[in-house]
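Engineer: Mind having a look at this structure? Questions to follow.
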Amino acid sequence: MTAKPSARAHALAGLIFLLAAGCSSVRPLVDTPNYYGGRETYPEAQIPAALKTPEADILYVSDRTQTLTKEGRLDYDAARSRSMAFGAATVEIGKGATWPDIVAASQSLAREKKIPMTMKSVEERGRFPETPLPFSIVDGKPLVDQTVAARYSDIAAALRDNIRSRLAVADAPEVFLFIPGFNTPFDEAAFITAEIWHFAGRRGVPIVYSWPSGSGGAFGYFTDRESGEFTVYHLKEFLRLLADVPELTRIHILTHSRGSDVVTTALRELMIESRAAGRDPRKEFRIDNLIMAAPDLDFGVVEQRLVAEKFGAAVGRITIYTSEKDGALRLSQLLMKGTRFGRINSDDLSDDDVEIFANIRNVNFISVEDPGGFVGHSYFRKDPAVLADIVALIRTGGAPDSLARGLQLMPRNFWRLPKDYMVTP
């Protein structure tokens, strides 16, 4: 008699199906967020003249391995690189469109046609030496090879200068940093960064930290999970580097799915390091917003590694978008056996959790009623209601009950985000 497949086997098969979806160098711009088209108009007047162009110049930092597209353009695949690189990815919004065309489409909730996004060029500007840097033990202490250390410092200085030059053009001394989740190829991560930065009014400097996810195959989900652990050291180095740019006063971090584990692990280690040295991580790293969309994190691990470490005090505001209807996280939960942070509701919080979050006052759970789609995992950009709230949060920094956002309070620290959020009657 043939045994019936287990629930975990079905879950793995489901994740394999999700991982089968690839990405090309062209795809449509997401729908206009509900923030525009009624309540607000696209803030063209606030955008510097140099940024009023159909192109989005995205700074990328990555520890993926270099490759080439079939057309011969530089690309990065899902293989890991021991060296971290940075460069510029130029995303074109609208084929042959003018800036007025882009503005009109960006505040229209009912476009007549789709607007293509194209990866126009990718140019690597610098590459750090491979890590770990070579070292020896002298008098019981590690001593890094000075020649390699000097080269590492030179590349770091070049990256800081690149950020400074971009800040000089921006309308605000801030950074929008996107860290993608599992199964997100390089081009797709840059596209997401470009469209969210664009709809947020092109504020500050757009940066994507593109770690080696998108392995695909039967075990791609597990490969991506381990690649997320691999990239933590490099992400920490980059966040330290951002902290060393005094002109930068504010950082908004948006992360999705497994990217939430990458970000929180790196930030937790930096936070512990900062406090141990007698510094204030809130002032040192200047992270104003940490936005976690559909975080693929074990809730029990979050409680013990983040809440117990008083993680929230190191960030200005933490916003978690959750949905019980998230199909990908449902499969992940079946597979990993732990409640996913991106699927929790108010009943999952203990009385102690509620008291802790209430005292911290800067952690908010946004309950997405209808994530839409077959999978319902990429709602943070595909749902105009959710994208509208993210745009409002980045642009205004307002609390969930602020005039700019106006979410509905639910029990405990949860706020309701309905499908018609910000839609003008």
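Residue numbers (my numbering): -15 to 409. Quick reminder that beta carbons are idealized off the backbone N, C-alpha and C, glycines included.
(1) Hey, how far is the Cα of I302 from the Cα of L274?
(2) From the DSSP output, in three-state form, read off V359 for me.
(3) Three-state secondary structure (DSSP) at S211?
(4) What is the DSSP secondary structure of A5, counted as helix, strand or coil?
(5) From D367 to Y136, what distance separates their C-alpha atoms?
(6) Cα-Cα, which of T102, L251 and R224 is closest to L290?
(7) For the pair the region 158 to 171 and the region 348 to 359, tell me if three or more CB-CB distances fall below 8 Å.
(8) If I'm right that G110 touches F70 with Cβ under 8 Å, what's the distance once you round it to whole angstroms?
(9) For the region 379 to 391 against the region 327 to 334, do three or more pairs of beta-carbon atoms, one drawn from each stretch, fall closer than 8 Å, so that the two count as touching?
(10) Answer yes or no: do A178 and V75 have a C-beta to C-beta separation smaller than 7 Å?
(11) Residues in its own chain within less than 7 Å of L393 by CB, not counting five upstream and five downstream?
(12) Per DSSP, what are the beta-bridge partners of H236 in this structure?
(13) Between which two residues does the beta strand (DSSP E) containing Q50 stretch?
(14) Measuring straight from C-alpha to C-alpha, what distance separates E268 and E253?
(15) Comparing the C-beta of L393 with each C-beta of chain B, is any distance below 7 Å?
(16) For A383, which of R345, T82, T131 and R270 has the nearest alpha-carbon?
(17) With DSSP as the reference, label S105 as helix, strand or coil.
(18) Need the endpoints of the alpha helix (DSSP H) that L251 sits in, please.
(19) Identify every residue that forms a DSSP beta bridge with I350.
(20) T16 and S92 - do their beta-carbons sit closer together than 7 Å?
(21) Between P196 and the rest of its own chain, which residues show a CB-CB distance below 6 Å, the 5 nearest in sequence each way excluded?
(22) What three-state label does DSSP hand E24 in the structure shown?
(23) So I271 and G300 are in contact, right, with Cβ under 8 Å, and what is the actual spacing, rounded?
(24) How about the region 138 to 150 and the region 86 to 104: do they share at least three Cβ pairs that are nearer than 8 Å?
(25) Quick one: measure Cβ to Cβ for L313 and H361, integer angstroms, because I've assumed they're closer than 8 Å.
(26) Roughly how many whole angstroms lie between the Cα atoms of I256 and T82?
(27) Could you pull the DSSP bridge partners for A142 from this structure?
(28) In chain order, what residues of the same chain have a beta carbon less than 7 Å from the beta carbon of E108, not counting five sequence neighbours either side?
(29) Opposite E221 in the DSSP bridges: which residues?
Structural biologist: This is what the structure gives:
(1) 5 Å
(2) coil
(3) helix
(4) Low per-residue confidence applies at A5: pLDDT is 48, beneath 50, and the placement is therefore not dependable enough to give any value.
(5) 41 Å
(6) L251
(7) no
(8) 5 Å
(9) no
(10) yes
(11) D385 and W399
(12) F160 and N273
(13) E39 to L52
(14) 14 Å
(15) The chain labelled as chain B is not found in the depicted structure, where only one protein chain is given.
(16) R345
(17) strand
(18) G243 to A260
(19) Y305 and W399
(20) yes
(21) R48, A62, R64 and S211
(22) strand
(23) 6 Å
(24) no
(25) 7 Å
(26) 48 Å
(27) Answer by DSSP bridge pairing: none, since A142 is not bridged.
(28) L58, A69 and G71
(29) The partner list for E221 (beta bridge, DSSP) is empty, contrary to what the question assumes.
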